[in-house]
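To start, the structure itself, in structure tokens.
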Amino acid sequence: MIIGIDGTCLQGARTAVGWYLTHLLEAMSHILEEDKICVWMNNPTPEEKDRIYENRFVSINATHYPWAALKLTWNTLGTPAMDSLIGRPADVYFYPNYLPLPQKQGKKVLFIHDLTFLTNPEMASQDAIKTLGHTLEKEEDKADLILTCSEYNRREMLKRFKHLPENKVRVIPHGLPDGFRHPASLDKVLAVRDKYRLTRPYFLFVGTLEPRKNLLRLVHAFLLLKQKVQSDHELILAGPKGWIGDDFMHFILSPQLVDKVRWLDYVPAEDLPGLYTGGEALVYPSLKEGFGMPLLEAMGCGLPVICSNSSAIPEVAGDGAWMVDPTNVGDLANAMERIVNEPSFKGVLKEKGRTRISLFQMENTAKQTLAALKMTVQSHA
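Following the working numbering, the numbering of the sequence shown begins with 4 at its first residue and continues without gaps.
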């Protein structure tokens, strides 16, 4: 079986989708025995090509088209097709970033990571609504199979797309990469502390700053904690500014919060294990999530997790985290207070988190994905 994969999400600054494909390809490269994977990239840099673990089963086909010309011909002529972009016809084409490209033959499999841009457009970026919201409803009907990472996403899809057969949507949870399966070494923790000037104990949030992450309530909960408990803790927000709005940014960067809340902006992946390991707890009060990888990353690094009890988060967190109503600022503050005042509570959450990650193996994700692609090729439906 020949598998063609759109690898453009690996280019540029890697978002969560890019990291998903990076780890999936590496895991798949170790389990393939006869099937071949060809990943397409356009004008990749040497560093971007190095993001793919190549061996005799996995290869890259790089093209060198101007991006503007590609988009124009795709939209007007439906060419060039994926068949030519990957350099050979494939039995199945896998699109890990929501939307497919033109193709002439072979099966078509999409991966849907999150549906907030459809279910709650007020929480999504205008780019996502424009690019995905108006197109996905057409493309999901043409796909032979749709993969997603949570049962929550699956239910939302079947609710949204009434004509979509239940057997056309399959859940394959994300796996936790090896780099997050154990706490970082003391040297790495100290290096991260020095790099980001982390001299005090801290609560941590990791993710893009956007409305659905519920960060205004998180900041107010932290300020409530500071009123209740005499401590030196600070709140660290680690992630790029998304579409959260300037009012929130002015608030967290105001002089009144300068010694309480800090925004680190984007943190490179190599620094995250040290950042997680050195923290007091991850606080993740998101209102809507299709999965929530920071939960698993924190658990794997030995960091207690406080999170919301909504959307897909309970599927990921299970009993490995302390879940609260994300709209209740008092509950968030009380959970953080327990972390500060009850070492046994913190210890139990650490242990439960370490147990929870055993359910999310990257090898299992790769095996299930490969099986789903094979099933699609073999299906005559």
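Ideal placement from N, C-alpha and C gives every residue a C-beta, glycine not left out. The structure presented is a predicted model; accordingly, all values stated were derived computationally and were not measured.
Own chain, CB closer than 7 angstroms to V20, minus 5 neighbours either side, in chain order
Residue mapping note: residue 20 aligns to position 17 of the sequence shown, counting from 1. Contacts found: C12, P99, N100 and H116.
Could you tell me the distance, in whole angstroms, from the CA atom of A374 to the CA atom of T138?
Position 371 of the sequence shown holds residue 374. Position 135 of the sequence shown holds residue 138. Using only the alpha carbons, I get a separation of about 27 angstroms.
Between which two residues does the alpha helix (DSSP H) carrying T202 extend?
Reading the sequence shown from its first residue, position 199 is the one you call residue 202. Element bounds for T202: n/a, residue is neither H nor E.
Tell me, to the nearest whole angstrom, how far the beta carbon of K263 is from that of L212; I am working on the premise that it is less than 8 angstroms.
As a first step, residue 263 is located in the sequence shown; it is residue number 260 there, counting from the start. As a first step, residue 212 is located in the sequence shown; it is residue number 209 there, counting from the start. That belief does not hold up - the Cβ atoms of K263 and L212 are roughly 17 angstroms apart, past 8 angstroms.
Please report how far the alpha carbon of I8 lies from the alpha carbon of T76, in whole angstroms.
Position 5 of the sequence shown holds residue 8. Position 73 of the sequence shown holds residue 76. Using only the alpha carbons, I get a separation of about 20 angstroms.
With a threshold of 7 angstroms on Cβ separation, who are the neighbours of E340 within its own chain once the five nearest residues in sequence on each side are excluded?
Your numbering for residue 340 matches position 337 in the sequence shown. Same-chain partners within the cutoff: L228, K231 and V232.
P92 versus L260, N46, M4 and S382, residue with shortest Cα-Cα distance:
What you label residue 92 is simply residue 89 of the sequence shown in a count that begins at 1. Ranking the options by Cα distance to P92, first place goes to M4.
Taking C-beta to C-beta, are L221 and V286 nearer than 8 angstroms?
Looking up residue 221 in the sequence shown gives position 218. Looking up residue 286 in the sequence shown gives position 283. Against a cut-off of 8 angstroms, the Cβ pair of V286 and L221 comes out as a contact.
Put G333 into one of helix, strand or coil per three-state DSSP.
The residue you call residue 333 lines up with position 330 of the sequence shown. Note: G333 maps to helix in three-state DSSP.
Of all the options H185, E237, F183 and K191, which has the alpha carbon lying nearest to the alpha carbon of F208?
Residue mapping note: residue 208 aligns to position 205 of the sequence shown, counting from 1. Nearest option by C-alpha distance: E237.
Delimiting residues of the beta strand (DSSP E) encompassing A65:
Taking the first residue of the sequence shown as position 1, residue 65 is located at position 62. Start and end: V61 to T66.
Going by beta carbon distance, what residues of the same chain come within less than 7 angstroms of K171, once the five residues before and after it are set aside?
Taking the first residue of the sequence shown as position 1, residue 171 is located at position 168. Once the five neighbours on either side are set aside, the close Cβ partners of K171 are L148 and I149.
Let me check understanding here. Comparing Cα to Cα, which of T66, L290, F206 and V42 lies closest to R59?
On the sequence shown, position 56 is the one that residue 59 refers to. Checking every option, the nearest Cα to that of R59 belongs to V42.
Is L161 near E169, with beta carbons less than 8 angstroms apart?
In the sequence shown, residue 161 corresponds to position 158, counting from 1. In the sequence shown, residue 169 corresponds to position 166, counting from 1. Going by C-beta atoms, L161 is nearer than 8 angstroms to E169.
Is it buried or exposed, Q129, if we count other Cβ atoms within 10 angstroms and call 16 or more buried?
To locate residue 129, count along the sequence shown from 1; it is residue 126. Exposed is the call here.
For the 8 angstroms Cβ check, are there 3 or more pairs between the stretch 14-30 and the stretch 348-360?
no
Go through the stretch 95-180 residue by residue and report every complete run of the beta strand (DSSP E) that reaches 3 residues or more, in order.
95-98, 110-115, 148-151 and 172-174
Given L73 as reference, the closest of I55, L104 and D94 once Cα atoms are compared:
Walking along the sequence shown from the start, residue 73 turns up at place 70. The residue with the shortest Cα to Cα distance from L73 is L104.
On the DSSP letters alone, give me the boundaries of the beta strand (DSSP E) that M44 sits inside.
As a first step, residue 44 is located in the sequence shown; it is residue number 41 there, counting from the start. Element bounds for M44: K39 to N45.
Measuring CA to CA, which of A84, M44 and R200 is closest to W266?
As a working mapping, residue 266 is identified with position 263 in the sequence shown. Of A84, M44 and R200, the residue nearest in Cα terms is R200.
Which of the three DSSP states, helix, strand or coil, is assigned to A272?
Mapped onto the sequence shown, residue 272 falls at position 269. Here A272 sits in helix by DSSP.
Contact belief for P329 with L290 at Cβ below 8 angstroms, rounded distance in angstroms:
The residue you call residue 329 lines up with position 326 of the sequence shown. The residue you call residue 290 lines up with position 287 of the sequence shown. At roughly 6 angstroms, the Cβ-Cβ gap stays under 8 angstroms, so P329 and L290 are in contact.
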